[in-house]
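Per our numbering, the sequence shown starts with residue 21, numbered consecutively.
Notes for the one structure printed next.
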Amino acid sequence: EIAPPSVVTYFETYWLGDNIKLWSAVFRKDRTIFQLCDTNMLVEAWHHLLKGNFMQGKRNRRLDHLIHILVDHAIPHFIHRHRRQEFGFEGGDLEVQER
């Protein structure tokens, strides 16, 4: 016996059968980067950008400071980036790039 019967039942119920289509890479075709990612990779990338670039790696303890950073720094940064992309001065987003 490889595993207890309760573990085998759990895997058969939640990970095998029709549920395999939800997690197996074989069934993931023609999806965007947001549908394809297996983890919270994009959230972690955004957090790294927010913490590293906009907050200089400092710890934030106040909500008003975070809102200030988002409104005065992050949003203008992404608006400017989007304009550069529109005019061809910067590459496209992950979602529109060819795999």
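All C-beta atoms, glycine included, are put in the ideal place defined by N, C-alpha and C.
For clarity, every value in this text was computed on a predicted model and none was experimentally measured.
Exercise for review: Could you pull out every residue in the same chain whose Cβ sits closer than 8 Å to the Cβ of T104, ignoring the five residues on either side in sequence?
Suggested key: Per the sequence shown, residue 104 should be read as Arg rather than Thr. Within the same chain, R104 has close Cβ partners E110.
Check your understanding: Which residues bound the alpha helix (DSSP H) around A65?
Key -> M61 to L69
Practice item. Specify the secondary structure class of R119 as computed by DSSP and reduced to three states. Key: A caution first: R119 carries a pLDDT of 47, below 50, which makes its placement in the model too unreliable to give a value.
Review point. Is I87 near F74, with beta carbons less than 8 Å apart?
Key: no
Point to revise | Alpha-carbon spacing of R119 relative to V46, whole angstroms | key: Residue confidence is low: R119 scores 47 on pLDDT, short of 50, so the model does not pin down where it sits. Its coordinate-derived value is still stated next. Going by the C-alpha atoms only, they are around 16 Å apart.
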